[in-house]
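Participant: Numbering (this note's numbering), first residue to last: 344 to 457. Glycine is no exception: its CB is placed at the ideal position from the N, C-alpha and C atoms. For clarity, every value in this text was computed on a predicted model and none was experimentally measured. Take this structure first; my questions come after.
Okay, structure coming up:
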(Lines of atoms letter the chains of each structure in order from A and count residues from 1; the text may use other names and numbers.)
(Lines give C-alpha, C1' and ligand atoms only; values in the text may rest on other atoms or scores of the structure.)
Protein backbone atom coordinates (compact mmCIF):
# COMPACT_ATOMS: atom_id res chain seq x y z
CA UNK A 1 0.00 0.00 0.00
CA UNK A 2 2.78 2.45 0.88
CA UNK A 3 4.58 1.62 -2.39
CA UNK A 4 1.38 2.34 -4.35
CA UNK A 5 1.11 5.72 -2.64
CA UNK A 6 4.72 6.59 -3.51
CA UNK A 7 4.09 5.64 -7.14
CA UNK A 8 0.88 7.69 -7.23
CA UNK A 9 2.70 10.73 -5.83
CA UNK A 10 5.50 10.37 -8.41
CA UNK A 11 2.94 10.05 -11.18
CA UNK A 12 1.04 13.13 -9.97
CA UNK A 13 4.25 15.16 -9.82
CA UNK A 14 5.25 14.06 -13.32
CA UNK A 15 1.86 14.94 -14.79
CA UNK A 16 1.89 18.29 -13.00
CA UNK A 17 5.34 19.00 -14.41
CA UNK A 18 4.31 18.02 -17.93
CA UNK A 19 1.07 20.01 -17.74
CA UNK A 20 2.94 23.20 -18.57
CA UNK A 21 3.85 23.54 -22.27
CA UNK A 22 7.04 25.46 -21.52
CA UNK A 23 8.22 22.72 -19.17
CA UNK A 24 7.51 20.14 -21.86
CA UNK A 25 9.66 22.16 -24.28
CA UNK A 26 12.44 22.43 -21.68
CA UNK A 27 12.25 18.66 -21.11
CA UNK A 28 12.29 17.96 -24.85
CA UNK A 29 15.50 19.97 -25.20
CA UNK A 30 17.15 17.49 -22.84
CA UNK A 31 16.10 14.39 -24.77
CA UNK A 32 19.27 14.06 -26.81
CA UNK A 33 21.94 15.47 -24.55
CA UNK A 34 22.89 17.20 -21.34
CA UNK A 35 22.59 20.99 -21.47
CA UNK A 36 23.17 24.07 -19.35
CA UNK A 37 20.38 26.52 -18.54
CA UNK A 38 21.84 28.91 -21.11
CA UNK A 39 21.69 26.25 -23.81
CA UNK A 40 18.14 25.28 -22.88
CA UNK A 41 16.93 28.89 -22.81
CA UNK A 42 18.57 29.75 -26.14
CA UNK A 43 15.86 30.40 -28.71
CA UNK A 44 13.02 30.16 -26.21
CA UNK A 45 10.62 32.97 -25.40
CA UNK A 46 11.40 32.77 -21.68
CA UNK A 47 14.29 34.06 -19.61
CA UNK A 48 17.04 31.95 -18.09
CA UNK A 49 15.62 32.45 -14.58
CA UNK A 50 12.24 31.19 -15.85
CA UNK A 51 13.93 28.14 -17.41
CA UNK A 52 15.67 27.53 -14.08
CA UNK A 53 12.31 27.55 -12.32
CA UNK A 54 10.88 25.08 -14.83
CA UNK A 55 13.93 22.87 -14.36
CA UNK A 56 13.39 22.99 -10.60
CA UNK A 57 9.84 21.67 -11.02
CA UNK A 58 11.06 18.94 -13.38
CA UNK A 59 13.81 18.02 -10.94
CA UNK A 60 11.40 17.88 -7.99
CA UNK A 61 9.22 15.57 -10.07
CA UNK A 62 12.23 13.30 -10.56
CA UNK A 63 12.26 13.83 -14.33
CA UNK A 64 15.53 15.76 -14.58
CA UNK A 65 18.86 15.39 -12.84
CA UNK A 66 21.49 18.06 -12.36
CA UNK A 67 25.24 17.90 -11.92
CA UNK A 68 27.75 20.63 -11.32
CA UNK A 69 30.72 21.10 -13.59
CA UNK A 70 32.76 24.00 -12.30
CA UNK A 71 30.39 26.94 -12.05
CA UNK A 72 27.91 25.44 -14.51
CA UNK A 73 24.93 23.29 -13.68
CA UNK A 74 24.19 20.71 -16.34
CA UNK A 75 20.77 19.13 -16.73
CA UNK A 76 19.76 15.83 -18.27
CA UNK A 77 16.75 13.54 -18.37
CA UNK A 78 16.41 11.19 -15.41
CA UNK A 79 15.27 7.93 -17.05
CA UNK A 80 14.10 6.42 -13.76
CA UNK A 81 11.80 9.40 -13.32
CA UNK A 82 9.83 8.37 -16.36
CA UNK A 83 9.23 4.86 -15.02
CA UNK A 84 6.06 5.75 -13.12
CA UNK A 85 4.60 7.44 -16.19
CA UNK A 86 5.61 4.60 -18.47
CA UNK A 87 4.26 1.94 -16.11
CA UNK A 88 0.95 3.79 -15.87
CA UNK A 89 0.69 4.11 -19.66
CA UNK A 90 1.80 0.49 -20.15
CA UNK A 91 -1.16 -0.56 -18.01
CA UNK A 92 -3.49 0.97 -20.59
CA UNK A 93 -1.59 -0.67 -23.41
CA UNK A 94 -1.72 -4.06 -21.66
CA UNK A 95 -5.48 -3.69 -21.20
CA UNK A 96 -5.94 -2.69 -24.84
CA UNK A 97 -3.91 -5.67 -26.05
CA UNK A 98 -5.82 -8.03 -23.77
CA UNK A 99 -9.13 -6.68 -25.06
CA UNK A 100 -7.91 -7.06 -28.66
CA UNK A 101 -6.77 -10.62 -27.99
CA UNK A 102 -10.12 -11.52 -26.42
CA UNK A 103 -12.01 -10.02 -29.37
CA UNK A 104 -9.81 -11.88 -31.87
CA UNK A 105 -10.31 -15.15 -29.98
CA UNK A 106 -14.11 -14.64 -29.95
CA UNK A 107 -14.08 -13.94 -33.69
CA UNK A 108 -11.93 -17.02 -34.36
CA UNK A 109 -14.29 -19.17 -32.27
CA UNK A 110 -17.31 -17.84 -34.24
CA UNK A 111 -15.58 -18.63 -37.53
CA UNK A 112 -14.80 -22.19 -36.37
CA UNK A 113 -18.48 -22.75 -35.52
CA UNK A 114 -19.60 -21.75 -39.02
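For residue 407, list the residues DSSP reports as bridge partners.
Facilitator: 420
Participant: Look at the alpha carbon of residue 350 and the alpha carbon of residue 408, and state the distance between them as a whole number of angstroms.
Facilitator: 19 Å
Participant: Examine the Cβ distances between the stretch 422-430 and the stretch 374-385 and report whether three or more of them are shorter than 8 Å.
Facilitator: By the Cβ criterion, the stretch 422-430 is not in contact with the stretch 374-385, since fewer than three pairs of Cβ atoms, one from each stretch, lie closer than 8 Å.
Participant: Just tell me which of 373, 359, 348, 346 has its CA closest to the CA of residue 296.
Facilitator: Here the chain comprises residues numbered 344 to 457, so residue 296 is not present and cannot be evaluated.
Participant: Alpha helix (DSSP H) containing residue 413: first to last residue?
Facilitator: No alpha helix (DSSP H) contains residue 413, which DSSP labels as neither H nor E.
Participant: Pull the bridge partners of residue 453 from the DSSP assignment, please.
Facilitator: Answer is none; residue 453 lacks a bridge partner.
Participant: Could you check if residue 440 is buried or exposed, using at least 16 other CB atoms within 10 Å of its CB as the buried criterion?
Facilitator: exposed
Participant: DSSP has residue 378 in a bridge; who is on the other side?
Facilitator: DSSP lists 418 as the beta-bridge partner residues of residue 378.
Participant: Between residue 367 and residue 405, which are expected to be in contact by the criterion C-beta below 8 Å, what is the C-beta distance as a whole number of angstroms?
Facilitator: Contact flag wrong, Cβ pair sits at about 16 Å.
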